[in-house]
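Enquirer: One structure, pasted below without further comment.
Numbering (my numbering), first residue to last: 1 to 200.
Shown next, in the form of structure tokens:
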């Protein structure tokens with residue numbers, strides 16, 4: 001075969017090979033737009049806003065509850081977080097609440113996520129909100145209705161009470177919940193009752 005014909009043959013094979021590779025790359029790339037299987041609750045996915053403001057901390061808390069996202073829930077709390085339960089919950093079982101911090105908060109929520117797995121309609125609603133703002137500390141006092149569709153038969157799925165949060169700016173410039181006080185409303189099951197049920 002003359003040299004010019006050999007060169008044309010090699011160029012033709014190269015062009016075919018290049019075309020095949022481009023088609024394979026395109027076919028693989030199309031999978032980027034395919035429908036994904038939803039991630040199970042409690043994984044690292046989900047909505048999380050960088051908490052540059054206290055309001056974003058509250059938004060992240062709402063999203064974590066709605067999505068049953070334990071890692072994102074934990075990210076809303078400082079490492080030195082402290083929780084004070086309702087007086088009724090404290091009287092029922094004071095040993096639960098001794099030194100309740102970030103680790104206990106994460107543990108209860110992870111147990112709750114398992115008990116509510118694959119449910120929907122989980123939601124936190126705040127009303128009668130009172131706020132005070134400062135450069136490094138922000139407080140929220142509000143009535144809450146918390147809906148969590150867990151499968152426990154010993155506790156209601158709707159909790160009510162009044163919450164007091166202290167949200168503070170950390171050394172990294174981001175905001176975190178540092179203290180949380182829960183107060184009951186009449187005879188309604190409270191957030192403290194939910195925590196007690198799922199920390200055991």
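Just so it is clear, CB atoms sit at the ideal spot from N, CA and C, and this is done for glycine as well.
Since this is a predicted model, take the numbers as computed values, not measurements.
Along the chain, where does the alpha helix (DSSP H) that runs through residue 65 open and close?
Expert: Translated into the one-based positions of the chain shown, residue 65 becomes position 65. That run of the alpha helix (DSSP H) goes 54–67.
Enquirer: Quick check on residue 200 - is its C-beta less than 7 Å from some C-beta in chain D?
Expert: The structure shown contains no chain D; it holds only a single protein chain.
Enquirer: Please confirm whether residue 182 and residue 85 have their CB atoms less than 7 Å apart.
Expert: Within the chain shown, residue 182 is the residue found at index 182, counting from 1. Within the chain shown, residue 85 is the residue found at index 85, counting from 1. Yes; because the gap between Cβ atoms is below 7 Å, this pair is in contact.
Enquirer: Let me make sure I understand the geometry here. Which of 74, 102, 93 has the alpha-carbon closest to that of residue 83?
Expert: Here residue 83 corresponds to residue number 83 of the chain shown, with the count starting at 1. Considering only alpha carbons, the answer is 102.
Enquirer: In whole angstroms, what is the alpha-carbon distance linking residue 149 and residue 184?
Expert: Along the chain shown, one-based indexing puts residue 149 at 149. Along the chain shown, one-based indexing puts residue 184 at 184. For residue 149 and residue 184, the distance between alpha carbons rounds to 20 Å.
Enquirer: Quick check: the region 174–181 against the region 66–77, are there 3 or more CB pairs under 8 Å?
Expert: Result yes; three or more Cβ-Cβ pairs closer than 8 Å.
Enquirer: For residue 156, collect the residues of the same chain with a Cβ closer than 6 Å to its Cβ; drop the 5 residues on either side in sequence, then sort them by chain order.
Expert: Looking up residue 156 in the chain shown gives position 156. Cβ within range, chain order: 189.
Enquirer: Just to confirm my understanding: we take residue 21, look at its own chain, exclude 5 residues before and 5 after, and list those with CB closer than 7 Å. What are they?
Expert: Here residue 21 refers to the residue found at position 21 when the chain shown is read from its first residue. Unreliable positioning characterises residue 21 in this predicted model, as indicated by a pLDDT of 47, which lies under 50. The coordinate reading is nonetheless provided below. Cβ neighbours of residue 21 beyond the five flanking positions: none.
Enquirer: Please identify the residue among 134, 162, 71, 49 whose C-alpha is closest to the C-alpha of residue 168.
Expert: Locating residue 168 in the chain shown gives position 168, where the first residue counts as 1. For residue 168, the nearest C-alpha among the options comes from 134.
Enquirer: Can you tell which of 120, 111, 191, 145 has the C-alpha that lies nearest to the C-alpha of residue 126?
Expert: For this step, residue 126 is matched to residue 126 along the chain shown. That would be 145, whose Cα lies nearest to the Cα of residue 126.
Enquirer: If you check the beta carbons only, do residue 72 and residue 66 fall under 7 Å apart?
Expert: By one-based count along the chain shown, residue 72 stands at place 72. By one-based count along the chain shown, residue 66 stands at place 66. Going by C-beta atoms, residue 72 is not nearer than 7 Å to residue 66.
Enquirer: Provide the residue span of the beta strand (DSSP E) that contains residue 183, from first to last.
Expert: Within the chain shown, numbered from 1, the residue matching residue 183 stands at position 183. Element bounds for residue 183: 175–183.
Enquirer: With distances taken from CA atoms, which of 56, 60, 107 is nearest residue 46?
Expert: One-based indexing of the chain shown puts residue 46 at position 46. For residue 46, the nearest C-alpha among the options comes from 60.
Enquirer: Which residues mark the beginning and the end of the alpha helix (DSSP H) in which residue 145 is found?
Expert: Indexing the chain shown from 1 puts residue 145 at position 145. Element bounds for residue 145: not the alpha helix (DSSP H) but the beta strand (DSSP E), 137–147.
Enquirer: Quick check on residue 3: does DSSP put it in helix, strand or coil?
Expert: Here the question's residue 3 lines up with position 3 in the chain shown. Unreliable positioning characterises residue 3 in this predicted model, as indicated by a pLDDT of 48, which lies under 50. A coordinate reading is not provided.
Enquirer: For residue 105, count neighbouring C-beta atoms within 10 Å of its own C-beta (all shown protein chains included) and say buried if the count is 16 or more, exposed if not.
Expert: Counting from 1 along the chain shown, the entry for residue 105 is found at position 105. Flag for residue 105 reads buried.
Enquirer: Per DSSP, what are the beta-bridge partners of residue 165 in this structure?
Expert: For the purposes of this step, residue 165 is taken as the residue at position 165 of the chain shown. Residue 165 pairs with 140, 180.
Enquirer: Rank 87, 91, 115, 57 by C-alpha distance to the C-alpha of residue 199 and give the top, closest one.
Expert: Walking along the chain shown from the start, residue 199 turns up at place 199. The residue with the shortest Cα to Cα distance from residue 199 is 115.
Enquirer: Identify the continuous alpha helix (DSSP H) that holds residue 198 and give its terminal residues.
Expert: If you number the chain shown from 1, residue 198 lands on position 198. First-last of the alpha helix (DSSP H) with residue 198: 191–199.
Enquirer: Can you list, in chain order, the residues of its chain with a C-beta nearer than 8 Å to that of residue 94? Leave out the 5 residues immediately preceding and following it.
Expert: Walking along the chain shown from the start, residue 94 turns up at place 94. So no residue of the chain qualifies.
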